[in-house]
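The sequence shown begins at 1149 in the numbering used here and counts up by one.
Beta carbons: idealized from backbone N, C-alpha and C, even for Gly.
Please read all numbers here as calculations on a predicted model, not as lab measurements.
Only one structure is covered here, and it is reproduced in the block below.
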Amino acid sequence: MIKYRNNVDKEFYEILEVIKNSEIEDIIYTIVENLNGLRQKNIDGYNKLILRYNFYKYWGELKPEENNYELIQNRVNQLKYNNDKFMWMYNNLEDYKSKKIMLNIIKNWISFDFDYLEKIYDFTYEHYFDLDIINCNEEEVFLDIGAYIGDTVQKYIKVYGEENYKKIYCYEITPKVFERLKRSTKRFDRIECRMKGVSNVCGYASLKTNGENSSNKIMNTEGENDIIITTIDEDIIEKVTFLKMDIEGGEALALQGSANHIRKDHPKLAISIYHNNEDIWKLAEVIKEIDPTYRFYIRYYGGNLYPSEYILYGV
1149 MIKYRNNVDK EFYEILEVIK NSEIEDIIYT IVENLNGLRQ KNIDGYNKLI LRYNFYKYWG
1209 ELKPEENNYE LIQNRVNQLK YNNDKFMWMY NNLEDYKSKK IMLNIIKNWI SFDFDYLEKI
1269 YDFTYEHYFD LDIINCNEEE VFLDIGAYIG DTVQKYIKVY GEENYKKIYC YEITPKVFER
1329 LKRSTKRFDR IECRMKGVSN VCGYASLKTN GENSSNKIMN TEGENDIIIT TIDEDIIEKV
1389 TFLKMDIEGG EALALQGSAN HIRKDHPKLA ISIYHNNEDI WKLAEVIKEI DPTYRFYIRY
1449 YGGNLYPSEY ILYGV
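Next comes the structure, spelled out in C-alpha cells:
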C-alpha cells in the first residue's frame, strides 16, 4: 500500500493514475456527464461557461449542442499522453500551495466545479508580484512582455515603489493599445515602451487583432508584415533581472528567444501558463532546459468560472 505524505499528494497521484489506466473514451464520457450535471443544477453558470470558452478558444471548442467536445478531448489527450509531464511538473513545485493549485485546476478540468477555482484564488498579493517569491530593488531591470495598457507596470510601482527599479521595458503589439500604454506610463521615469512582438526570431509577423482586447496575438512569421518581432536576446543589451510574459500562447517561443539572458542573468520569471492545455507543464520544461537551477511556484489570479490567469514563478 502506498503511503502518502498528505491528501494533496494522494489526490493528485490517484487522479493521474486513474487517467493513465483508463480508456480515453471512458474519461471523455465521465467529463461530458459532469458538464451535463452542471447544466442541470446551474444553467446560468453553464451558459456563461460555454460562452467564455468559445469566445477565447485557447483550449478548443466546447459546443455540446453540436456534439463538439474538442476542449474536453484536448485536455484528456494532454492528461493521458503527457501523464508523466504533469507528474514531473507537480514534483518540481516548491510549495504545497502551488501543488494544491495544480491539483484543483485539473479537478476543474474534469468536473467543471467552480468551487475548485474559488478555493485557490490568491487574495494576498497583486497579480505577478507575490512578495513571498518575488523581491525587487533599485537595480531591477523589469521586462513587461505583453504590457497591454500599463496595468502591470502600475501594479509593480504600487507594490515596490518608484525607487525600486533601474529600468522598465514594456512590449506591446497592438497600435491602439500601445498608445494607451504610453499615456499611462509617461508620468513615470525610466520606462521605455516598444511596439514590438517578442518571439524566438527577429523579423515581421502578421497580427490577429480583437480590437483593444488583451487577447491580440502574433499569428505567424509569414504573410502581411504588420508588426516587428524581436527576441529579448537581440533587443536588450543590459542585464535583465525580472521577466514577465503574458502573450497569448507565445510564451514558449519568447522564452527560447530570451535563452541567453535567462542562462546568463537568471532573472526572476512570472510567466502566464494558461493559454493552452500544455503550458502548465511545458513552459517549466523550456525554462529548465535553459537553466536547470530554477525553482518553480504557481499562483492563481483568475475567476471561478473557468481556469485562467495562473502564473508560473521561477526564481
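Using the three-state DSSP reduction, which class does residue i fall into: helix, strand or coil?
{"i": "residue 1393", "result": "strand"}
{"i": "residue 1154", "result": "coil"}
{"i": "residue 1361", "result": "Confidence is the limiting factor: at residue 1361 the pLDDT is only 48, short of 50, which leaves the residue's position unreliable, though a coordinate-based value still follows. Coil."}
{"i": "residue 1289", "result": "strand"}
{"i": "residue 1399", "result": "helix"}
{"i": "residue 1276", "result": "coil"}
{"i": "residue 1244", "result": "helix"}
{"i": "residue 1453", "result": "coil"}
{"i": "residue 1281", "result": "coil"}
Mind checking whether the beta-carbon of residue i lies closer than 7 Å to any heavy atom of the ligand FAD?
{"i": "residue 1250", "result": "This structure simply doesn't include the ligand FAD, nor any ligand for that matter."}
Given a cut-off of 8 Å on the beta-carbon distance, is the pair residue i and residue j in contact?
{"i": "residue 1160", "j": "residue 1251", "result": "yes"}
{"i": "residue 1176", "j": "residue 1226", "result": "no"}
{"i": "residue 1297", "j": "residue 1328", "result": "yes"}
{"i": "residue 1219", "j": "residue 1194", "result": "no"}
{"i": "residue 1400", "j": "residue 1430", "result": "yes"}
Any beta carbon of chain C sitting closer than 8 Å to that of residue i?
{"i": "residue 1444", "result": "The structure shown contains no chain C, having only a single protein chain."}
Can you tell me whether residue i is buried or exposed? The criterion is at least 16 other CB atoms within 10 Å of its CB, across all chains shown.
{"i": "residue 1462", "result": "buried"}
{"i": "residue 1153", "result": "exposed"}
{"i": "residue 1394", "result": "buried"}
{"i": "residue 1229", "result": "exposed"}
{"i": "residue 1322", "result": "buried"}
{"i": "residue 1338", "result": "exposed"}
{"i": "residue 1386", "result": "exposed"}
{"i": "residue 1294", "result": "buried"}
**Prompt:** If we count Cβ pairs, one from each stretch, closer than 8 Å, do we get three or more for the segment 1306-1324 versus the segment 1408-1415?
**Reply:** no
**Prompt:** Which ranges does the alpha helix (DSSP H) cover as unbroken runs of at least 4 residues, wholly within the segment 1171-1231, from first to last along the chain?
**Reply:** 1172-1189, 1191-1204 and 1218-1229
**Contact the segment 1204-1212 vs the segment 1420-1432: 3+ CB pairs below 8 Å** = yes
**Prompt:** With contact counted as at least three CB pairs below 8 Å, one residue from each stretch, are the segment 1267-1283 and the segment 1175-1192 in contact?
**Reply:** no
**Request:** Tell me, please, whether the segment 1435-1447 touches the segment 1235-1246 by the rule of three or more beta-carbon pairs shorter than 8 Å.
**Result:** yes
**Message:** Within 8 Å, do at least three Cβ pairs link the segment 1254-1266 to the segment 1289-1307?
**Reply:** no
**Request:** Starting from the N-terminal side, write out each stretch of the alpha helix (DSSP H) that is 4 residues or longer and does not extend beyond the segment 1405-1449.
**Result:** 1407-1413 and 1427-1438
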